[in-house]
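Asks: Numbering that gives the first Met the number 0 puts the first residue of the sequence shown at 0, with every later residue one more than the last.
For glycine and all other residues, C-beta sits at the position ideal for the given N, C-alpha and C.
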Amino acid sequence: MKVAFCGLLLPEEKGLTKRAKRRLPGISGHKVTSSLIDGIDANLAEPVTVFNIINTFNFPNFPDIVFKTEKWSHRAGVSDIHIGYINLFGIKYITQTYNLYKNLCKWKKQNAREKCVVCVYNIHFPMLLAIYMLKRKYQDSVVICLSTGDLTGKYNSIPYRRPGIKEWLIWQMGKYIDKLAREFDCFVFATKYMAAALGVEKKPWIVLECTYSEPGYVHNTFQEKTENSTDKIIFYAGALKATYGITHLLNAFSLIKDPHYQLWIAGGGTEVPLVEEYARKDSRIKFLGYMSPEEVALRQKESTVLINPRTTEYEYVKYSFGGKTMECLASGKPYIAHRLPCDPPEYAEHIQYPDNDSDEALAKKIVEICEFSEEKREKIGANARLFILNEKNPTVMCKPVVDMWKQMLKE
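Structure below.
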């Protein structure tokens with residue numbers, strides 16, 4: 000079985016983050032994509048061939064107009080391809096689609112006698128269209144698989160609000176993306192609700208909420224021990240959006256009057272002004288701005304608890320599993336989050352759930368965990384970390400994916 004994997008990786012050696020004029024999107028998607036590739040490789044006789052689009056802001060928000068098609072290797076001895084394109088609005092999607100399709104056809108011809116699978120992670124329109132075109136050309140000689148942690152439209156955390164022509168076009172493209180997605184042969188979804196939402200529950204599909212590969216820099220942060228302190232530090236790192244519960248977190252923390260409690264918030268988004276306003280009123284709240292993954296890992300080590308304030312208020316939480324959950328559980332610190340419908344039941348032993356979605360319940364849970372002895376908190380964190388490393392690593396999580404492909408090729 001030959002497998003091609005299409006993704007949106009952001010190679011560090013390109014210096015993309017430093018060169019972009021704004022914070023580059025897709026960093027969390029890069030982590031998930033890398034883990035999926037590692038896990039699939041571990042369950043195959045030979046590694047996948049990766050077809051990658053280095054997707055950035057359109058020019059001039061990113062300085063390069065032309066991205067050249069070039070060879071690279073995600074591991075020794077493997078020949079992968081960065082897909083070239085012209086980085087101008089409109090032309091970008093056309094050239095990404097054409098060049099990916101052309102290179103996938105070349106790969107398929109080279110493996111004409113092999114059973115082939117093409118998997119894509121993400122609902123990136125050019126990738127879906129190119130793979131759909133490949134399927135139309137080669138029919139049953141190739142199985143196409145969509146792996147995604149997000150859906151479009153009302154199932155997304157950024158709902159359509161009809162403010163202008165650009166947003167209308169995005170909404171219309173979302174409809175076409177859904178149509179293309181339904182043409183895939185099989186699916187890997189982040190939650191059990193996604194199959195019905197997309198209307199493909201009768202096709203082969205499995206749930207893989209996420210997977211975790213520990214970066215090298217994280218290992219070093221566990222070699223030091225945090226100094227004893229009377230301060231209780233609650234740390235949130237992520238997008239600062241209303242749909243992610245930032246107002247809820249700020250209100251809940253404001254109910255805690257103990258001067259030894261601190262709330263650290265890192266990230267960027269539409270709710271930055273709100274965070275800054277609360278920080279001006281309460282010196283215990285510290286806004287740290289955007290931080291690199293390495294800086295986040297160091298701050299986690301200094302924290303008492305980590306937190307995710309998303310609630311069940313929004314529909315999208317049924318169709319998305321936050322990769323931050325795995326990162327926080329793997330940190331070795333207690334992790335507080337609300338019980339969401341996307342959470343598989345085995346996480347209940349390791350996530351510290353408030354009684355309900357209210358500000359009062361969240362504040363109560365924060366105080367409860369922070370007032371535990373240091374030894375008890377360390378035990379909670381250590382058990383959660385082992386759970387992620389042993390049960391949610393790429394090799395374990397991706398085995399059902401490869402098994403599904405093998406079964407489909409037999410049929």
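Taking 8 Å as the threshold (C-beta atoms), are THR229 and TYR120 in contact?
Replies: Going by C-beta atoms, TYR120 is not nearer than 8 Å to THR229.
Asks: Just to confirm before moving on: does the CB-CB distance between ILE53 and LYS20 stay below 8 Å?
Replies: In this structure, LYS20 does not lie closer than 8 Å to ILE53 by Cβ.
Asks: I need the DSSP call for PHE371, collapsed to helix, strand or coil.
Replies: If DSSP states are grouped into helix, strand and coil, PHE371 belongs with coil.
Asks: Assign LEU424 to one of two classes, buried (16 or more other C-beta atoms within 10 Å of its C-beta) or exposed (fewer than that).
Replies: The structure shown has nothing for residue 424, since the chain only spans 0 to 410.
Asks: Give a yes or no on contact between the region 272-287 and the region 170-187, applying the rule of three or more CB pairs nearer than 8 Å.
Replies: Short answer: they don't touch.
Asks: Give the straight-line distance between the Cα atoms of ARG135 and HIS247, rounded to the nearest whole angstrom.
Replies: The alpha-carbon atoms of ARG135 and HIS247 are separated by roughly 48 Å.
Asks: Thinking C-beta only, is HIS349 closer than 8 Å to PHE320?
Replies: No, these two residues do not count as a Cβ contact at 8 Å.
Asks: Going straight from the alpha carbon of GLU373 to that of ASN389, what length do you get?
Replies: Straight-line Cα distance between these residues: approximately 24 Å.
Asks: For CYS144 versus CYS115, is the C-beta spacing smaller than 8 Å?
Replies: No, Cβ-Cβ distance for CYS144 and CYS115 is not below 8 Å.
Asks: So what's SER27 in DSSP terms, helix, strand or just coil?
Replies: Helix, per DSSP.
Asks: Got a sec? Which residues, its chain only, sit under 7 Å from GLY266 by beta carbon, not counting five neighbours each side?
Replies: Excluding sequence neighbours, GLY266 sits near ALA236, GLY237, ALA238, LEU239 and TYR289.
Asks: Could you tell me whether the Cβ of LEU15 comes closer than 8 Å to any Cβ of chain C?
Replies: The structure shown contains no chain C; it is built from a single protein chain.
Asks: Can you say whether LEU8 is buried or exposed, counting buried as having 16 or more other CB atoms within 10 angstroms of its CB?
Replies: Classification of LEU8: buried, given that the 10 Å Cβ count is 16 or more.
Asks: Locate the alpha helix (DSSP H) running through ASP402, then write down its first and last residues.
Replies: Unbroken alpha helix (DSSP H) run through ASP402: 393-409.
Asks: Is GLY380 helix, strand or coil when you go by DSSP?
Replies: Note: GLY380 maps to helix in three-state DSSP.
Asks: Would THR68 and ILE82 qualify as a contact pair, given that the criterion is a beta-carbon distance under 8 Å?
Replies: Contact: yes.
Asks: Mind listing, in chain order, the continuous alpha helix (DSSP H) runs of no fewer than 4 residues lying wholly within the region 58-131?
Replies: Taking only runs of at least 4 residues, the alpha helix (DSSP H) segments lying wholly in the region 58-131 are 90-109.
Asks: Does ASN60 pass the burial test, meaning 16 or more other C-beta atoms within 10 Å, or should it be called exposed?
Replies: That one is exposed.
Asks: Measure the C-alpha to C-alpha separation of LEU254 and CYS104 and round it to an integer number of angstroms.
Replies: Near 59 Å, if we compare the C-alpha coordinates of CYS104 and LEU254.
Asks: Determine whether the beta carbon atoms of MET403 and ILE205 lie at a separation below 8 Å.
Replies: Going by C-beta atoms, MET403 is nearer than 8 Å to ILE205.
Asks: Would you mind reading off the limits of the alpha helix (DSSP H) that contains ALA296?
Replies: From DSSP, the alpha helix (DSSP H) with ALA296 extends over 292-301.
Asks: Give me the DSSP bridge partner(s) of ALA3.
Replies: Answer by DSSP bridge pairing, in chain order: THR48 and VAL117.
Asks: Near PHE124, which residues of its chain fall below 7 Å by C-beta distance, leaving aside the five closest residues on each side in sequence?
Replies: TYR92, MET172 and ILE176, listed in sequence order.
Asks: Considering only the beta carbon of each residue, do LYS317 and TYR192 sit closer than 8 Å?
Replies: It is a contact, given that the beta carbons lie within the stated cut-off.
Asks: For PHE320, which three-state DSSP category applies?
Replies: Residue state, collapsed to three classes: coil.
Asks: Note the first and the last residue of the continuous beta strand (DSSP E) segment covering PHE234.
Replies: Residues 231-236.
Asks: Measure the beta-carbon distance from ALA3 to PRO393 and round it to whole angstroms, keeping in mind my assumption that it falls under 8 Å.
Replies: Not a contact, Cβ separation roughly 18 Å.
Asks: Rounded C-beta distance between THR210 and GLY38? I'm assuming under 8 Å.
Replies: About 6 Å; that satisfies the 8 Å criterion.
Asks: Report all residues from its chain with a CB closer than 6 Å to the CB of VAL271; omit the five preceding and five following residues, and keep chain order.
Replies: Excluding positions up to five away in sequence, the list reads LEU239.
Asks: Note down the Cα distance separating SER212 from ILE379, rounded to an integer number of angstroms.
Replies: For SER212 and ILE379, the distance between alpha carbons rounds to 20 Å.
Asks: Please name the residue in LYS363, TYR346, ILE368 and ALA347 whose C-alpha comes closest to that of ALA305.
Replies: Rather than Ala, the amino acid found at residue 305 in this sequence is Leu. Per the Cα distances, ILE368.
Asks: Straight-line CA distance for HIS443 to LEU328?
Replies: Nothing can be reported for residue 443, as the shown portion of the chain is limited to 0 through 410.
Asks: Helix, strand or coil, according to DSSP, for CYS327 in the structure here?
Replies: Three-state DSSP puts CYS327 in a helix.
Asks: Please state if the CB of ASN102 and the CB of ILE80 are separated by a distance shorter than 8 Å.
Replies: In this structure, ASN102 lies closer than 8 Å to ILE80 by Cβ.
Asks: If you run the structure through DSSP and keep just helix, strand and coil, what is ILE53?
Replies: It is coil, neither helix nor strand.
Asks: Here's the rule: buried if 16 or more other CB atoms are within 10 angstroms of the residue's CB, otherwise exposed. What is LEU408?
Replies: LEU408 comes out exposed.
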